[in-house]
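If you want our numbering, it's the 1-based position in the sequence shown plus 242.
Note that CB positions come from ideal geometry on N, CA and C, so glycine has one too.
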Amino acid sequence: MPKQKSHRGLLKRIKLTKTGKVRFKAPNSRHLKSNKTGTELRSYRKSRYARSGDLRFLKKLLGRGLRSEERSVADEKIREAATAAVSAPAAK
Numbered sequence: 243m244p245k246q247k248s249h250r251g252l253l254k255r256i257k258l259t260k261t262g263k264v265r266f267k268a269p270n271s272r273h274l275k276s277n278k279t280g281t282e283l284r285s286y287r288k289s290r291y292a293r294s295g296d297l298r299f300l301k302k303l304l305g306r307g308l309r310s311e312e313r314s315v316a317d318e319k320i321r322e323a324a325t326a327a328v329s330a331p332a333a334k
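Right under this line is the structure:
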């Protein structure tokens, strides 16, 4: 059976980070901007990251494992707690 292909249209619209997060351009940032405030327009320049609810669908289209922004923040907190626990006895 041949290898599963990644969805080419999706790959043109997203970037995968080294940690497996999905980054994409903010929606509503292309046209019809005259009735939006400057704050809104500046916020559209920032990249957005896929949320955990969308990842099941994205994994299916891409055929690979991904991480949500929430999951990576939780992993970071766990990692910080572990390093603090390891370094605390050495400080005594």
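Near residue i, what residues of its chain come up, given a Cβ to Cβ distance below 8 Å and the 5 sequence neighbours on each side ignored?
| i | result |
| --- | --- |
| Leu253 | Leu304 |
| Arg255 | Phe266 and Lys267 |
Which residue's Cα is closest to the Cα of residue i: the options?
| i | options | result |
| --- | --- | --- |
| Tyr286 | Arg298, Arg272, Leu258 and Ser294 | Arg272 |
| Leu258 | Lys301, Gln246 and Ala326 | Lys301 |
| Gln246 | Ser294, Arg306 and Phe299 | Arg306 |
| Ser294 | Thr281, Glu282 and Val315 | Val315 |
Let me check one thing: in DSSP terms, what residues is residue i bridge-paired to?
| i | result |
| --- | --- |
| Lys319 | Lys319 pairs with nothing; no bridge assigned. |
| Leu258 | Val264 |
| Tyr291 | Arg265 |
| Arg313 | According to DSSP, Arg313 bridges with nothing at all. |
Could you tell me if residue i is buried or exposed, where buried requires 16 or more neighbouring beta carbons within 10 angstroms of its beta carbon?
| i | result |
| --- | --- |
| Leu297 | buried |
Which same chain residues end up closer than 6 Å to residue i when comparing Cβ atoms and leaving out the 5 residues on each side of it in sequence?
| i | result |
| --- | --- |
| Glu322 | none |
Tell me, please, whether the segment 306-323 touches the segment 263-277 by the rule of three or more beta-carbon pairs shorter than 8 Å.
The segment 306-323 is in contact with the segment 263-277.
Can at least three beta-carbon pairs, one atom from the segment 268-275 and one from the segment 283-290, be found at a separation below 8 Å?
Inter-segment contact for the segment 268-275 and the segment 283-290 is present: three or more beta-carbon pairs are separated by less than 8 Å.
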